[in-house]
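K.L.:
Chains as they are written, first to last, in the numbering used here: chain A, 1 to 340; chain B, 341 to 680; chain C, 681 to 1020; chain D, 1021 to 1360.
Below you will find the structure I want to go over with you.
Protein chains: 4
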Amino acid sequence: MSKIFNVGVIGAGRIGKIHIENLIHHIPGIKLKIISDININDELTQWVNQLGIPKLTDDATDIFKDPDINAVIIASSTDTHAKFIQKAAQAKKHIFCEKPLDTNVKRIKETIAITRKENVSLMIGFNRRFDKNFRRLYEVINSGQIGKPHIVKITSRDPAPPPIEYIKISGGIFIDMSIHDWDMARFLANSEVEEVYANGAVLINPDIGKAGDIDTAVAVLKFKNEALGIIDNSRQAVYGYDQRAEVFGSKGCVIADNRPSNTIEIYTNEHIRKDKIPYFFLERYRNSYINELIFFFDCLKKNIDPSPNGEDGLQSILIAKAAQKSYNDNRPVKISEIDQ
Amino acid sequence: MSKIFNVGVIGAGRIGKIHIENLIHHIPGIKLKIISDININDELTQWVNQLGIPKLTDDATDIFKDPDINAVIIASSTDTHAKFIQKAAQAKKHIFCEKPLDTNVKRIKETIAITRKENVSLMIGFNRRFDKNFRRLYEVINSGQIGKPHIVKITSRDPAPPPIEYIKISGGIFIDMSIHDWDMARFLANSEVEEVYANGAVLINPDIGKAGDIDTAVAVLKFKNEALGIIDNSRQAVYGYDQRAEVFGSKGCVIADNRPSNTIEIYTNEHIRKDKIPYFFLERYRNSYINELIFFFDCLKKNIDPSPNGEDGLQSILIAKAAQKSYNDNRPVKISEIDQ
Amino acid sequence: MSKIFNVGVIGAGRIGKIHIENLIHHIPGIKLKIISDININDELTQWVNQLGIPKLTDDATDIFKDPDINAVIIASSTDTHAKFIQKAAQAKKHIFCEKPLDTNVKRIKETIAITRKENVSLMIGFNRRFDKNFRRLYEVINSGQIGKPHIVKITSRDPAPPPIEYIKISGGIFIDMSIHDWDMARFLANSEVEEVYANGAVLINPDIGKAGDIDTAVAVLKFKNEALGIIDNSRQAVYGYDQRAEVFGSKGCVIADNRPSNTIEIYTNEHIRKDKIPYFFLERYRNSYINELIFFFDCLKKNIDPSPNGEDGLQSILIAKAAQKSYNDNRPVKISEIDQ
Amino acid sequence: MSKIFNVGVIGAGRIGKIHIENLIHHIPGIKLKIISDININDELTQWVNQLGIPKLTDDATDIFKDPDINAVIIASSTDTHAKFIQKAAQAKKHIFCEKPLDTNVKRIKETIAITRKENVSLMIGFNRRFDKNFRRLYEVINSGQIGKPHIVKITSRDPAPPPIEYIKISGGIFIDMSIHDWDMARFLANSEVEEVYANGAVLINPDIGKAGDIDTAVAVLKFKNEALGIIDNSRQAVYGYDQRAEVFGSKGCVIADNRPSNTIEIYTNEHIRKDKIPYFFLERYRNSYINELIFFFDCLKKNIDPSPNGEDGLQSILIAKAAQKSYNDNRPVKISEIDQ
């Protein structure tokens, strides 16, 4: 008696295409009926046709209006997320939305309220929670093997900065890049954040500074359960996408190191060498994008509320804003200062 | 101007199903038209239908007769390989055949001769060559980074022995289990084997001994390029599927360790622990099955002879037979004693 | 024409005994003439005799008065360091003094001034700089292999907290425990610290809180060269003495992991396990105590000023005090606020 | 009531000097009274004086005649071992003798018989048994954690071949180099060897072949407990002294990897690299030389027979000779063929 889910996807850009391919090849029991994208061109049309998807539209309303569709994947630009979530909710469709939910706290809260009122599920695409390594980290912590968490450490460094034009509209490193880390920290500490201290510098490209942003950042989190968090970010790790986490607790410590590209070690008369780690998120987190959708539809089938949800989307934005304020004011900032 | 390949698959057992799913989800530019299997039941029919494959038959001849089909994947039982290769070749279809090609040297040679006469490609499914770790090992060796190979070491241990009934018809450990290692050794040493010495014991289950086989084996290979090879096999590594290789050369050494299940390390007051390695071949080598088919069709598209080919299938059997003779006679045996 | 150094050691407690044994067994070209300790008992007398050291006294003045002695090792309690350094300097003896130099900034400065005036060498026992792993880290950074340092990360966790009675007089975690980390951070960043933010909690033992201290701490450092530092400390890592450092830079990253106790990995049907890391500093840093003395005497022989010196001793205390003030006031604190 | 041991050392060459320094600096409760060496020169005299050793002689008889001396360390050339062991035994002194005991089976047996008759202890310097990693391997095996041993694997590769002149008198690779591995294999398998198969090649330097030896060797051992052993040796691993061992058993597997030179990993935009492993035995096995002497004197104090003993010395030579014969005859050779 397994339900079939008819799915619409809003947004067929880079991340949208990943979701679309995963839906087709890796998610059993669903049917992808409509893709909507505001920029339809021949290439996209051909791509959608080859995949055998029945309909491509430039109007997301087609998805909301289709009574057969019961789940929507939102992968359009961030500024459209809240609007589409609200419309999808009002059309009684369950929603998987890319992160961040939105950057405006008030709008996020309104949006969550609407999904609750309409009684639809809302899951936010914090895909790193579905990386098998970080998932296992979480399991180990929750099994009690390392006791009560005392220190949560996250290292998250991109291989190269985005274009300056992107930096200018990105919302700043604490929202654009660290957003995953705020979520991961909450996930691993199993607690909300109470206070943030953030510092940073422009060490990679002075143009990033001129654009009003920083390229290197560190933050200290104080969690409500008294654990402490430390996060470091860089826009440019020349050796690849550096993604590590560690939780130290009363009974031990658990560490998730970078995923190696392969298992080879080469011994020469100069040194011992290994191949570099995966270069960026598509290589590093490929499976997490599949896993999060499997989980989403699994929750829908079982009538369970999926997680991370809207509240998780909200908290990560609150922390990001507190971090930005901390950096601006050079003082620790409480989440309650932001969440008023 | 990319050719489209219409494909038929013979045999929809465990390994056949893996190939079928990979063809559908991971091999672009091909069309899977017919599946043949001698045991058609409702479950198989439904599975084939759900995948949208046009035809399921219990007669492989349907594949050979279909003029549109230009490539055949043979995943039926070993005793049918030679027959189906020959028929496929005579029907002018390119062939990917599961290992071992056959266990009879004369029949293997005849079969290869027919594929040559009919001018079709024949690739043998030594999938481990397409594991990214062993592939990288091979690349490192061939790039000259470790110089001339002196010692090739392979460890290959299964997690648990097959049923005794299987053991009885398996052809013995040197054919059934070590076959991959003979091929890997040749692949890594970049040389043919000249002589084999094999020893072994019944250490895991006396019933394996009663069935006329051994469950633990070691072998020394002497290659034509004077390199030496050492291989160890066990039917039962309780900690998982142990698959390692190492090549030591005049300028260095390259080692492919087991693939870790994840990157987690847990530090406790007892010890530091990691999760077990992948349990068996489906977990360990999943991607290699995709990669070998990608490579096969890529060769067909480019009109290149794929490899490993029939000759590779022949050599691995010659070594297996020499190893068995060596064990029986307790003396090193030359390949030329077998290949007459 | 190698100079012979006649050496006196002040303080034969735990760390003093380590230095004495190292002087006898591992430092060539020196002669240990006098040991002074305020608590002489039979056991100590016998121990000194067995080692063949000519004289044991309860009056350090005997060392200063001895005209043959040209180098003094000070391993007495912290509150006596400044006094003994000053007296040794006035007696024209070179000085190796355990860390911390002192806890009073003014007294440290006066003491350094006297050593300069008397033109004697003063080295401070920040032994971790002489651990082969951290030394290699430093070499890699200074060779330019990872470019300009951007982020310095230090993890330093003790296996178990000291007795509460010790905590009470320890000066607090930022002086007592983190002192090594402030020095290491400066050493690895190759820059002075400009500002510190510290946070912490009582997570291990409430009695530590009652004693006015914390047991878990994190800190962010802002260096004058704009690099950022992050440090985490715990009084209780149940899995052993966790000592790691990492420097991330414009051209790469270098990581010093914990020293393994041995190279063994055990694969079982439960997991893969390794033995715990060394339990505490005597195991972890044994050789660093030898190396620092070798370096000290080597500098004396070559008439080079040894390092870390008095200035290094001063800076680490300034940072410690800034960290304590930061924790007390919950705000970042500039070193210049302390160093007035 | 701890006994004091008065010790004489025969042979002050490279290995003799290591033992002498270790006796002085690391072995408590002993007194080194006499050194004998057939080549006394000024340098040696000065070295002995500086260490404060009372007597240097060119006549080992001085050691045997000294009634105070109760333990003798023999580190002279191999051809003198048997003679000196016999004389020491007849003088009622306990004996620690460097490996190999001798190369003549009959003479080894006579020598052991004399030590038994005179009731003195005889320990052979198979130092690798006292390397902390291999010792831990042994402990893990003997604790039953990996069950019954099935496969013992040893990799032992020197960094560079010795001079050709040395090769000519070395007795061949199976005695000169593999001797440690035969002993280690027996130690780890906890069983005697029944049969050996050895193969090899001249791959490094043709002059080694002209000198009648090989430079690359592999061997398969059949133990009496039915376990199998595989060993690979090379005279030239350009990346350093490669010393690994692994034991696979019914309940798991334990692996001792090479000791890393330090814990540093460097991540660059080219690769991840580590420093090379220790270059040769003095770096790799330094502590094992201390540990074996501590163990020797500890056994003497406790009136326990030390191990490895004369029988271990005999067995390793029997295996070496069987391996040589196997290589010469190209067939497996039973130990019983040698031990007649």
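C-beta atoms are modelled at their ideal positions from N, C-alpha and C, and glycine is treated no differently.
In terms of DSSP beta bridges, what is residue 347 of chain A paired with?
P.N.:
Missing from the structure shown is residue 347 of chain A; chain A here goes from 1 to 340 and no further.
K.L.:
Have a look at A/322, A/304 and A/290 and flag the residue whose alpha-carbon is nearest the alpha-carbon of residue 125 of chain A.
P.N.:
When only C-alpha atoms are compared, the closest one is A/290.
K.L.:
In chain order, what are the residue ranges of uninterrupted alpha helix (DSSP H) at least 4 long that sit wholly in the segment 281–305 of chain A?
P.N.:
Segments of the alpha helix (DSSP H) lying fully in the segment 281–305 of chain A: 281–284 and 286–302.
K.L.:
Along the chain, which unbroken stretches of the beta strand (DSSP E) at least 3 residues long are found entirely within the segment 868–916 of chain C?
P.N.:
Segments of the beta strand (DSSP E) lying fully in the segment 868–916 of chain C: 873–881, 896–903 and 908–914.
K.L.:
Please report the straight-line C-alpha distance between residue 294 of chain A and residue 849 of chain C, rounded to a whole angstrom.
P.N.:
For residue 294 of chain A and residue 849 of chain C, the distance between alpha carbons rounds to 57 Å.
K.L.:
State yes or no: is the beta carbon of residue 937 of chain C nearer than 7 Å to at least one beta carbon in chain D?
P.N.:
True, the Cβ-Cβ gap to chain D drops below 7 Å.
K.L.:
Taking just the CA atoms, how far does residue 571 of chain B sit from residue 521 of chain B?
P.N.:
Going from the Cα of residue 521 of chain B to the Cα of residue 571 of chain B covers about 7 Å.
K.L.:
Answer with yes or no whether the minimum CB distance from residue 299 of chain A to chain B is below 7 Å.
P.N.:
So, not an interface residue.
K.L.:
Between the segment 1261–1268 of chain D and the segment 1213–1220 of chain D, do three or more beta carbon pairs fall short of 8 Å?
P.N.:
Segments in contact, no.
K.L.:
Here's the rule I'm using: 16 or more other beta-carbon atoms within 10 Å means buried, otherwise exposed. How should residue 52 of chain A be labelled?
P.N.:
Answer is exposed; the Cβ neighbour count stays below 16.
K.L.:
Using a cut-off of 8 Å between C-beta atoms, extract the partners of residue 949 of chain C located in chain B.
P.N.:
578, 579 and 616, listed in chain order.
K.L.:
Taking its Cβ as the centre, do 16 or more other Cβ atoms sit within 10 Å of residue 680 of chain B, making it buried, or is it exposed?
P.N.:
Classification of residue 680 of chain B: exposed, given that the 10 Å Cβ count is below 16.
K.L.:
Cα separation between residue 265 of chain A and residue 600 of chain B?
P.N.:
Roughly 14 Å between the two C-alpha positions.
K.L.:
With burial defined as no fewer than 16 other Cβ atoms inside 10 Å of the residue's Cβ, what is the status of residue 725 of chain C: buried or exposed?
P.N.:
Under this definition residue 725 of chain C is an exposed residue.
K.L.:
So, residue 560 of chain B versus residue 481 of chain B, is the Cβ gap smaller than 7 Å?
P.N.:
Not a contact, by the Cβ cut-off of 7 Å.
K.L.:
Beta carbon of residue 729 of chain C, beta carbon of residue 686 of chain C: below 7 Å?
P.N.:
No, they are not a contact pair.
K.L.:
Hey, residue 146 of chain A and residue 211 of chain A are a contact pair by Cβ (cut 8 Å); roughly how many whole angstroms apart?
P.N.:
About 41 Å; that fails the 8 Å criterion.
K.L.:
Could you run through the segment 4–28 of chain A and flag, in chain order, every residue whose CB is less than 7 Å away from some CB of chain B?
P.N.:
Hits within the stretch, in order: 25.
K.L.:
Can you tell me the Cα-Cα spacing of residue 1334 of chain D and residue 1211 of chain D, whole angstroms?
P.N.:
Taking the straight line from one Cα to the other gives about 14 Å.
K.L.:
I'd like the list of long-range same chain contacts for residue 1047 of chain D, defined as Cβ closer than 7 Å, with 5 residues on each side in sequence excluded.
P.N.:
Excluding residues within five positions, the ones whose Cβ falls inside 7 Å are 1313, 1314 and 1317.
K.L.:
Residues of chain C with CB closer than 9 Å to the CB of residue 314 of chain A, please, in chain order.
P.N.:
Near residue 314 of chain A there are no residues of chain C at all, since even the closest Cβ is about 24 Å away, more than 9 Å.
K.L.:
Does chain D have any CB closer than 7 Å to the CB of residue 421 of chain A?
P.N.:
Residue coverage of chain A in this structure runs from 1 to 340, which leaves residue 421 of chain A outside it and unanswerable.
K.L.:
When Cβ atoms are compared, which residues of the segment 1156–1183 of chain D fall closer than 8 Å to chain C?
P.N.:
Under the 8 Å Cβ criterion, the segment 1156–1183 of chain D contributes 1156, 1157, 1160, 1165 and 1166.
K.L.:
With distance defined between alpha-carbon atoms, name the residue in C/763, C/778 and C/736 nearest to residue 698 of chain C.
P.N.:
The residue with the shortest Cα to Cα distance from residue 698 of chain C is C/778.
K.L.:
How about residue 324 of chain A and residue 172 of chain A: are their beta carbons less than 7 Å apart?
P.N.:
Closer than 7 Å, so yes.
K.L.:
Quick one: measure Cβ to Cβ for residue 628 of chain B and residue 379 of chain B, integer angstroms, because I've assumed they're closer than 8 Å.
P.N.:
27 Å between Cβ atoms; not a contact.
K.L.:
Starting from residue 804 of chain C, follow its DSSP beta bridges and name the residues at the other end.
P.N.:
C/777.
K.L.:
Looking only at its chain, what residues have a beta carbon closer than 8 Å to the beta carbon of residue 1085 of chain D, apart from the 5 residues adjacent to it on each side?
P.N.:
Cβ within range, chain order: 1111.
K.L.:
Which chain D residues are close to residue 942 of chain C, counting only those with a beta carbon under 7 Å from its beta carbon?
P.N.:
Here the neighbours are 1152, 1153 and 1156.
K.L.:
Find the nearest neighbour of residue 1243 of chain D within the set D/1129, D/1328, D/1352 and D/1257, judged by alpha-carbon distance.
P.N.:
Closest by alpha carbon: D/1352.
K.L.:
Determine whether the Cβ of residue 1272 of chain D lies closer than 7 Å to any Cβ atom of chain B.
P.N.:
Closer than 7 Å: yes.
K.L.:
Considering only C-alpha positions, which residue in the set C/847, C/829 and C/856 is nearest to residue 836 of chain C?
P.N.:
Nearest of C/847, C/829 and C/856 to residue 836 of chain C, Cα basis: C/856.
K.L.:
Run down chain B in chain order and give the residues with a C-beta less than 9 Å from the C-beta of residue 266 of chain A.
P.N.:
Within 9 Å Cβ-Cβ: 480, 485, 486, 592, 593, 594 and 595.
K.L.:
Please classify residue 249 of chain A: does DSSP put it in a helix, a strand, or coil?
P.N.:
Note: residue 249 of chain A maps to strand in three-state DSSP.
K.L.:
On a Cα-Cα basis, can you pick out the residue from B/620, B/454 and B/648 that is closest to residue 523 of chain B?
P.N.:
Checking every option, the nearest Cα to that of residue 523 of chain B belongs to B/648.
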